[in-house]
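Working notes for the structure below.
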């Protein structure tokens, strides 16, 4: 009955009959039209039938353009349209629709969006349009607007356009004696979201929970802010994730998840520092970077100083009190370099054809705030910053002792800096003409603060070539910090750091004894 009624009210439209006549050569009879409507209803449902009839209704309401009488017009009058003429008309119709901008409605995605978002409204409009809106004969010749072409413009069936919510993750830490393990942890944390917010624990909190920090809050902030994966930094963060601070993270900083490594982080009373975050279901865990820790680096410094000075530091403090096993184990790096880790830290992009390449080299041992600041200044002088990192033998030859961090460890620390585009692992001591040509270097720079004393004595000047080419520049170092000055801070507080290390060494030993494989990094 529905098909019969629809066929009746739609088939009475005079102009619709004209379209049918131009389509088939003659208008179908009432019975034939009802069968056609019933067939379409069965094949495609009410939605498909609606489009089928709407197609003819839209054709009927269009005022035909006056053309010069020709074969095509005569064919229509005779009630016969040749296949060739029909193809030509179809092609012209498509061109006209593209010209008028109507091709944007050739897809029906908006209809499905309407059915999904407003099923009751859409159903009511569909039924009303099917019963009444397809013929103007019921309304005394009043023209009914073509609903299918107005609804998309109204926007009532479109889903609200909203950008995908950006996931914000939070990770905190002391970040004392910043190393590639810290950088890799923050890299993993960033991979769990879109924006990484990092909390830097205050000096007071570190003293209360771990012992005296080596670096100041300002220096640690510079190091963390200089990492390429960090978007925001929260200074003086608490060591423990308290209810109050967690509320601040969620509400003020819009944090979605709190991140920490798979190694335990315990408070002095033995409780988990991240217990509340885990209970709230907003905690995610990453894999700890093996082979390095701040405790390990402190041990290396003490061991290196003992080997250099024969058991006494510059303050005449005996180092023989330190257990031999602790010094020996601390001096041996457990880092296992892999090509995959280097790729993870690398930008993976080279300089453009007309890029201004700036080159700076050095040991970059115990990567500190002074390194970050000089790299930042160097990067501002060009478009691409290339950093040469001297190998362990070169550093030992010009300093008189081996670096604290090994070559690949130092390379990863430099690669993690946001101002660095590429590194040369094991760069030569001298900047040669071949290097300048190979890497298309436009400017060679070096800081005023350096631990290589031979630079300014005239003996074996490594920058003689770029100086002769007029492409060398001496940069004023923003900070008077060196690897030696950082090491001296540890030596000056030897007893406090040894006590701190002894406590941490036990937890490190326990961790490695219970260590299991953790997939993903």
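In my numbering, the protein residues as written are 502 to 1022.
Note that CB positions come from ideal geometry on N, CA and C, so glycine has one too.
All values derive from a computational prediction rather than experimental measurement.
Look at residue 892 and residue 908 and say whether their C-beta atoms are less than 8 Å apart.
-> The answer is yes: Cβ separation under 8 Å.
Would you say the beta carbon of residue 798 comes nearer than 7 Å to a heavy atom of the ligand ATP?
-> This structure lacks the ligand ATP, and indeed carries no ligand of any kind.
Cβ distance (whole Å) where residue 799 is taken to contact residue 991 below 8 Å | 6 Å
Out of curiosity, what's the CA-to-CA distance linking residue 1027 and residue 704?
-> What the structure shows of the chain is the stretch from 502 to 1022, and residue 1027 is not part of that stretch, so it cannot be assessed.
Measuring CA to CA, which of 755, 966, 858, 863 is closest to residue 733?
-> 755
Alpha-carbon spacing of residue 868 relative to residue 982, whole angstroms | 10 Å
Are residue 701 and residue 688 close, meaning C-beta to C-beta below 8 Å?
-> Cβ distance not < 8 Å, so residue 701 and residue 688 don't count as in contact.
Is residue 691 buried or exposed, if buried means 16 or more other CB atoms sit within 10 Å of its CB?
-> buried
When the Cα of residue 776 is compared with those of 743, 939, 757, 794, which residue comes out closest?
-> 743
What do you reckon, are the CB atoms on residue 694 and residue 668 nearer than 8 Å?
-> yes
Inspect the beta-carbon positions of residue 738 and residue 673 and report whether they are closer than 8 Å.
-> The answer is yes: Cβ separation under 8 Å.
In whole angstroms, what is the alpha-carbon distance linking residue 757 and residue 961?
-> 55 Å
Residues near residue 974 by beta carbon distance below 7 Å, same chain, minus five either side | Non-local C-beta neighbours of residue 974 in its own chain, meaning closer than 7 Å and more than five positions away in sequence, comprise 944, 946, ordered along the chain.
Please name the residue, chosen from 897, 848, 842, 875, that lies closest to residue 923 on a Cα-to-Cα basis.
-> 848
At which residues does the alpha helix (DSSP H) containing residue 697 begin and terminate?
-> Segment 696-702 is the beta strand (DSSP E) holding residue 697; no alpha helix (DSSP H) there.
Which of helix, strand or coil does DSSP assign to residue 910?
-> helix
Which residue from 986, 976, 706 puts its Cα closest to that of residue 882?
-> 976
What runs of the beta strand (DSSP E), each 3 residues or longer, lie entirely inside the segment 842-908?
-> Listed in chain order, the complete beta strand (DSSP E) runs (minimum 3 residues) inside the segment 842-908 are 858-863, 885-891.
Would you give the residue range spanned by the alpha helix (DSSP H) that residue 935 belongs to?
-> 934-939
Along the chain, where does the alpha helix (DSSP H) that runs through residue 725 open and close?
-> Counting along the chain, the unbroken alpha helix (DSSP H) around residue 725 starts and ends at 718-726.
Beta carbon of residue 932 nearer than 8 Å to that of residue 966 | yes
Within the 8 Å Cβ cut-off, does residue 891 reach chain D?
-> The structure shown contains no chain D; it is built from a single protein chain.
Distance CB(residue 918)-CB(residue 876) smaller than 8 Å = Going by C-beta atoms, residue 918 is nearer than 8 Å to residue 876.
According to the neighbour-count rule (16 or more other Cβ atoms, all chains shown, within 10 Å of its Cβ), is residue 902 buried or exposed?
-> exposed
Leaving out five residues before and five after residue 729 in sequence, what residues of the same chain have Cβ atoms less than 6 Å from its Cβ?
-> 919.
Inspect the beta-carbon positions of residue 910 and residue 793 and report whether they are closer than 8 Å.
-> yes
Run the CB neighbour count on residue 747, radius 10 Å, all protein chains shown included, and call it buried at 16 or more, exposed below.
-> buried
C-alpha gap between residue 997 and residue 987, whole angstroms = When rounded, the separation of the alpha-carbon atoms in residue 997 and residue 987 is 15 Å.
Residue 873 burial status per 10 Å Cβ neighbour count (16 or more: buried) | buried
Should residue 904 be labelled buried (16 or more other beta-carbon atoms within 10 Å of its own) or exposed?
-> By the 10 Å Cβ count, residue 904 comes out buried.
Residue range of the alpha helix (DSSP H) that residue 978 falls in?
-> That residue, residue 978, is in no alpha helix (DSSP H); it is neither H nor E in DSSP.
For residue 711, does the three-state DSSP call read helix, strand or coil?
-> Coil at residue 711, not helix or strand.
Residue burial classification, residue 871 (beta-carbon count within 10 angstroms, cutoff 16) = buried
For residue 709, does the count of other Cβ atoms within 10 angstroms reach 16, so buried, or fall short, so exposed?
-> exposed
Taking the alpha-carbon positions, what's the residue 731 to residue 753 distance?
-> Taken atom to atom, the span from the alpha-carbon of residue 731 to that of residue 753 is near 18 Å.
Which residue or residues does DSSP assign as beta-bridge partners of residue 973?
-> 945
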